[in-house]
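With UniProt numbering, the residue at position 148 of the sequence shown is 148, and numbering never jumps.
From the three backbone atoms N, C-alpha and C, an ideal C-beta is built for every residue, glycine too.
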Amino acid sequence: MNSKIEALGTSTGKILYSSDCQNIFDLSIAETMELFKSSGVILFRGFGVTPKQMKDFSERFSDRHIIDFTKVSIDSDKFVNFVDGGTDSLIPHSENSCFPFRPDVIWFCCTVPAEQEGETLFWDGVRVWEELSQESKELFLSKQLKFSYNKIPVERLKKILGSNANTIDDMKRILDSLDGVSYQFNDDKTVSVEYTCSAVVKNKYSHQNAFANHFWVYQKKTEEAIFDDGSRASDEVADEIETIFDKLTEKIPWQAGDLVMMDNSRFLHGRGAFNDNRRQVFTTLSNLKF
Ligand SMILES: [Fe+2]
């Protein structure tokens, strides 16, 4: 690859610069994919990428896009989404990792950066896992995370499950095919769903353990049980994880036209609080065909 490549902070991620106003669609798919496999995060800078181009570019690497029903979409397919429109901080999480529709990659693009701050933050789940004490590793290997969704209206679940979910039988067939999912259709036209998964993910390319999950959101923001045996992590474990996140925080310092491709099977992301509501960052979610 002829483009200039630099380290992204102290992470394994890379910044790939456009040379001579190069079009992002002129980049070699094979070489880009090799860089992604080895780095896990690529910040494409200087290509002037729009949200539509983000989607089009992502299609070159993806066999399917995943609807994000938690965000506001800006396209008719509902595949390009405006990130949470607030200005408060978002704590570390891997995208959709509390649902059985976790994408391989989260793509971000920025059209308007915040005047100050507003960086997307990220954490390498492999490094987080390496830093955890043996006791905490054993805790997360021995217990599964459990996410419960009670009384979802059938019509809403239909939309979430996609165009093949026309009947209750279709919905049951799709739910039955998803790992870690149990469900119950209720008499009041609602469905209760439980999703159980490990907090420890085998990274798609390096096959290393990664602490890449939704644990921290539930531990920090709720009083709910997070493990499948009805327990929560102790304050000591929470303190340990917070210290590790504080130590390993990396930043994407947005410029207009930046595109980011992030391995969602390895990395967590979030953001710090900021003060500029003109900031515009968009995402699309996909599974890779490589
Ligand atoms: Fe997110």
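| Query | Result |
| --- | --- |
| Alpha carbons only, please: which of Phe211, Glu155, Asp263 is nearest the one belonging to Phe185? | Glu155 |
| If distances are taken between C-alpha atoms only, which option among Tyr149, His93, Pro51 comes closest to Ala210? | His93 |
| Check the DSSP bridge columns for Val200 and list the partner residues they point to. | Phe211 |
| Let's see if you can read the secondary structure: which residues bound the beta strand (DSSP E) around Asp263? | 259 to 263 |
| Glu95: beta carbon under 8 angstroms from a heavy atom of ligand 1? | yes |
| By the DSSP assignment, the beta strand (DSSP E) with Phe290 in it spans what residues? | Element bounds for Phe290: n/a, residue is neither H nor E. |
| Do Asp104 and Lys204 come within 9 angstroms of each other at the CB atom, strictly closer than that value? | yes |
| With respect to the beta strand (DSSP E) encompassing Gln184, which residues constitute its N-terminal and C-terminal limits? | 181 to 185 |
| Let me check you understand the geometry: is the CB of Thr283 closer than 8 angstroms to at least one non-hydrogen atom of ligand 1? | yes |
| If you follow the beta strand (DSSP E) that Thr111 is in, where does it begin and where does it stop? | 105 to 112 |
| With DSSP as the reference, please indicate the residues paired to Ala7 in a beta bridge. | Lys14 |
| For Thr111, which of Arg102, Asp88, Met54 has the nearest alpha-carbon? | Met54 |
| Please state whether the Cβ-Cβ distance between Leu121 and Val260 is less than 9 angstroms. | no |
| Would you kindly report the start and end of the unbroken alpha helix (DSSP H) that includes Phe245? | 235 to 248 |
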